[in-house]
Amino acid sequence: MRKLNTIILGAGISGLAVQHFLKSENIIIEKENYWGGLCHSFSINEFIFDTFIHLSFSEMNEVVEIFEKSSHSFKHKPRAFNYYNGYWIKHPAQNNIFSLTSEEKTSIIMGFVNRKSFIKKNYEDWLRIQFGDYFAEHFPMQYTKKYWTVEARKLETKWVGERVYQAPIQEVIKGAFEEDEINRFYAKEMKYPCIGGYQSYLKELVDENNIDFSTKVVLIDPDEKSIITDNKKKYYYENLVSTIPLPELCKVIKGVPTEILRASEKLNYTSGVIVSLGFNKMDIPKYLWYYIYDEDILPARVYAPSLKSINNVPEGCSSIQAEYYFSKLNPLKYSLEEILEKTIEKLSLIMGFSEIDICVSDVRQIDYANVLFTKDIYENREMILNYLDRINIKYAGRFGEWDYLWSDQSLISGKKIAEKINNMSKVFCNK
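All the letters of the sequence shown, read from the start, carry residue numbers 1 to 431 under full-length UniProt numbering.
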């Protein structure tokens with residue numbers, strides 16, 4: 001087969017962005033039969049669901065422009081809730097403890113008052129310093145075990161940024177008496193496509209004619225600058241851009257050094273199971289999304305596609321999705337069928353629906369959900385990325401860069417790589 005200027009591995013948002021902004025001949029190799037990656041949306045009997053929660057709060061002009069060209073939007077206020085031991089608590093929980101018992105409110109406040117300052121070694125230390133022992137132990141440390149699948153002490157803290165609101169003690173005390181009416185979320189407004197699920201925001205990026213679907217790369221020869229796929233196709237490239245997970249990429253590189261392969265095997269990540277339910281009633285979900293702290297309830301968070309867009313469900317219906325996470329550090333304990341059954345059992349009690357209200361149910365496993373920031377991540381990641389630089393394989397996106405990137409950041413990551421290739425082509429042509 002003739003040589004292509006650029007081959008892109010993966011048709012998620014970063015891979016699509018690379019292709020969209022490239023000015024040279026290219027193709028995307030995608031192992032699934034659809035595009036979108038973690039931004040993919042799927043339909044079951046006129047119910048539209050997303051692959052994990054997605055609401056856009058991007059303020060990047062380039063991203064906003066692409067999303068607006070792709071789809072009209074519904075706008076939402078970021079009003080989330082928490083479910084904790086039978087209580088519904090507005091998010092962030094530390095600012096809205098008024099509904100808890102006097103004993104628990106006292107324990108939380110005294111924990112804030114008696115916070116100690118000490119050398120921070122891990123995420124658990126960071127949580128105790130920010131929130132005091134009682135709140136840290138009962139809220140974010142519990143959620144960490146469910147969402148990140150490990151104890152907080154096993155995580156480092158560079159990824160936190162503005163993702164966790166740090167309330168001063170005055171706000172905590174005030175929130176013990178009344179609801180905090182100020183939006184403490186890191187976004188003032190969130191958007192969602194009117195029609196077609198979150199994936200609709202990516203339409204402007206997509207050229208399906210240049211995507212080779214249901215095709216998996218089995219060998220990359222960086223010396224020959226070629227790839228071989230599982231359906232026996234062979235491609236030659238001038239530039240290779242990978243957006244697939246680093247552990248999967250390293251497995252298929254010919255001649256990869258043992259130390260690089262070992263480093264890739266040490267990279268940790270979460271996998272997820274998504275339970276999607278469609279109801280024959282309109283009013284099942286009360287909140288756009290909420291977090292669950294109780295250990296005996298499998299999902300870490302639940303959200304409502306029907307509240308994100310009325311067009312995600314047939315008329316007179318509603319829907320929810322629930323996420324359950326696992327990793328090699330905390331392996332999957334149940335079959336998908338058991339997860340579906342246990343999720344329905346628990347959520348029916350706290351949301352007030354019965355099995356006869358369910359008209360659509362789906363459960364599916366996603367192998368790569370998020371990068372897990374265990375303490376050795378940076379050393380191993382740097383070793384791998386330096387190796388990829390040496391063999392001229394470029395990388396983009398959440399799993400290509402191996403970082404905690406939101407969808408807009410992943411899009412920009414792909415755009416930057418495309419611009420780098422475009423600039424290289426200009427230099428070559430001008431010689």
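We treat Cβ as the ideally placed atom computed from N, Cα and C, and that holds for glycine.
From the options, residue whose alpha carbon lies closest to that of residue i
i           : options                  : result
Q365        : E323, K69, E315 and N82  : E323
I53         : E103, L261 and V275      : V275
Y325        : T144, N280 and A418      : T144
F353        : D283, F399 and N392      : D283
G15         : I421, K415, K23 and E419 : K415
P299        : K281, N312 and S271      : S271
V113        : T101, F135 and S102      : F135
K266        : E151, G10 and S327       : S327
E248        : I260, S70, V150 and N239 : I260
D403        : I344, Y198 and K158      : K158
V160        : D408, E189, W88 and Q130 : Q130
S309        : V273, I119 and S200      : S200
Y186        : S56, P305 and S102       : S56
residue 482 : A304, K394 and V150      : Only positions 1 to 431 of the chain appear in the structure, and residue 482 is not among them; the question remains open.
A396        : L411, I339 and K375      : L411
Alpha carbon of residue i to alpha carbon of residue j, nearest angstrom
i    : j    : result
G278 : L307 : 12 Å
I220 : A369 : 25 Å
K342 : L336 : 10 Å
E179 : S117 : 29 Å
N210 : I8   : 10 Å
N61  : W406 : 15 Å
D223 : S242 : 16 Å
G37  : F399 : 11 Å
K431 : V18  : Because the pLDDT at K431 is just 48, under 50, the model does not fix this residue reliably, and the point stays unresolved.
C429 : L22  : In this predicted model, C429 has a pLDDT of only 48, less than 50, meaning its place in the structure is not dependable; the value taken from the coordinates is given anyway. Whole-angstrom Cα-Cα distance: 15 Å.
L202 : V252 : 29 Å
I350 : G86  : 8 Å
M141 : E295 : 11 Å
P245 : K174 : 45 Å
I292 : L100 : 16 Å
P314 : K281 : 10 Å
V218 : Y236 : 14 Å
S73  : D408 : 16 Å
Y83  : L4   : 52 Å
I119 : F373 : 19 Å
S318 : P193 : 17 Å
T6   : S24  : 7 Å
Backbone secondary structure at residue i - three-state DSSP
i           : result
E156        : coil
F118        : coil
S306        : helix
T215        : coil
F428        : In this prediction, F428 scores a pLDDT of 49, lower than 50, which makes its location untrustworthy; no coordinate-derived value is stated.
F112        : helix
Y293        : coil
L16         : helix
T270        : strand
P247        : helix
V64         : helix
residue 503 : As shown, the chain starts at 1 and ends at 431. That puts residue 503 outside it, with no answer to give.
R364        : strand
G278        : strand
E341        : helix
D221        : strand
G392        : The sequence as given places Asn at residue 392; Gly does not occur at that position. Coil at N392, not helix or strand.
I253        : strand
D230        : coil
Outcome for residue i when other beta-carbon atoms lying within 10 angstroms are tallied against a minimum of 16
i    : result
N33  : exposed
T258 : exposed
Y147 : buried
R301 : buried
D367 : exposed
R128 : buried
F67  : buried
K90  : buried
S58  : buried
G12  : buried
G132 : buried
M424 : exposed
H138 : buried
R163 : exposed
I344 : buried
I377 : buried
S102 : exposed
P331 : exposed
Residue i Cβ short of 7 Å to the ligand MN heavy atom set
i    : result
M141 : Annotation note on the ligand MN: not contained in the displayed structure, which lists no ligands.
- prompt: With contact counted as at least three CB pairs below 8 Å, one residue from each stretch, are the segment 386-393 and the segment 162-179 in contact?
  reply: no
Segment contact, 8 Å Cβ cut-off, at least three pairs: the segment 89-108 with the segment 119-127: no
- request: Could you tell me whether the segment 15-35 touches the segment 351-363, where touching means 3 or more Cβ pairs closer than 8 Å?
  value: no
query: Quick check: the segment 194-214 against the segment 81-99, are there 3 or more CB pairs under 8 Å?
result: no
query: Are the segment 36-45 and the segment 224-233 in contact at 8 Å, needing three or more beta carbon pairs?
result: no
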